[in-house]
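The next block holds one structure in the form of structure tokens; read it before the comments.
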Amino acid sequence: MEKDFRRLKTKVQALLAADEWEANLDAFEAYTPRQLIGPLFSTLLRMDEVRWRAVTALGLTVDRMFQNKAEDARIVMRRLMWNLNEESGNIAWGAPESMGEIMAVNATMAQEYSSILVSYMDDSITCGNFIDHPPLRRGVYWGLGRLAQERPAILTKGASAVCVGLEDCEDEQIPGLAAWVLSSMAGHLPGDVDPLPGLEALQDNETDVELYRGRRMETTTVGALAKEALAALSGS
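Under the working numbering, the residues of the sequence shown are numbered 17 to 252, in order.
If you want it as structure tokens, here you go:
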């Protein structure tokens, strides 16, 4: 069993590491979602672009699982949530990103779990769910940004929490990621939330941000993302 797992993990990582990795996603359908979950979770621990490709593959795999048996997909989501729980003893690399990707792909999962992902951002509104480890919290903002790309309206109630990230002093990339979330939420911000002053204050921030979007890694800056958000919110 362990040998089979290692073999499939090697195969999965090779498919995702290839230049033609997006075309290789079709090859995953030769395996059941249940077979793929373990190898994909292991791949989330890598510290290169392949881990991000695993996030994409995990979203598709859990969606396929949901179509077959929804409760199995919910178990995967609860596993990701447990990994983010301090009691689990894990450093949950890739967990919030995967939650966001799964919800971007699957509308029902988004309805059920989006408020939980929001709850990891701001301790003043989250009943103790706040993630105080900045690199993991960075993943939360990415997950919300990915979700906002597909379902911006579902995050309307969390807009004030996203704005808190514009002034995050513990991780220099989070303000840029918060700006990215807000740019995707254009037209869906409640009237009592005004991110413009916070975004304007970030325009000259040259801190690099590594951002996976459009299934590609790019290096941008906090200031560039703030300007994108300002343009999106102004409708220009």
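Beta carbons: idealized from backbone N, C-alpha and C, even for Gly.
- Put simply, the region 162–171 touches the region 116–126. At least three CB pairs are less than 8 angstroms apart.
- Taking C-alpha positions only, Gln189 is separated from Met63 by approximately 17 angstroms.
- Between the region 181–200 and the region 216–224, the count of Cβ pairs shorter than 8 angstroms is three or higher; the stretches touch.
- In this structure, Ala177 keeps its C-beta atom at 8 angstroms or more from the C-beta atom of Ala242.
- When beta bridges are read from the DSSP output, Tyr228 appears opposite Met233.
- When DSSP states are grouped into helix, strand and coil, Ala248 belongs to the helix group.
- Rounded to whole angstroms, the separation of the alpha carbons of Met201 and Cys179 is 12 angstroms.
- Counting only residues of its own chain and dropping the five nearest sequence neighbours on each side, Val78 has a CB closer than 6 angstroms to the CB of Ala89, Val92, Ile118.
- Within the same chain, and ignoring the five residues on either side of Leu100 in sequence, the residues whose Cβ sits closer than 6 angstroms to its Cβ are Ala108, Ala111.
- DSSP, read as helix, strand or coil, puts Asn101 in coil.
- Leu163 places its beta carbon 8 angstroms or farther from that of Gly181.
- Straight-line spacing of the CA atoms in Gly239 and Phe44 works out to 38 angstroms.
- When rounded, the separation of the alpha-carbon atoms in Ser130 and Gly155 is 14 angstroms.
- Counting the other CB atoms within 10 Å of its CB gives Arg23 a total below 16, which places it among the exposed residues.
- With a contact defined as Cβ atoms closer than 8 angstroms, Ser114 and Val66 miss out at about 14 angstroms.
- In this chain, the alpha helix (DSSP H) harbouring Arg154 covers 150–166.
- With a threshold of 16 other beta carbon atoms within 10 Å, Gly161 meets it and is buried.
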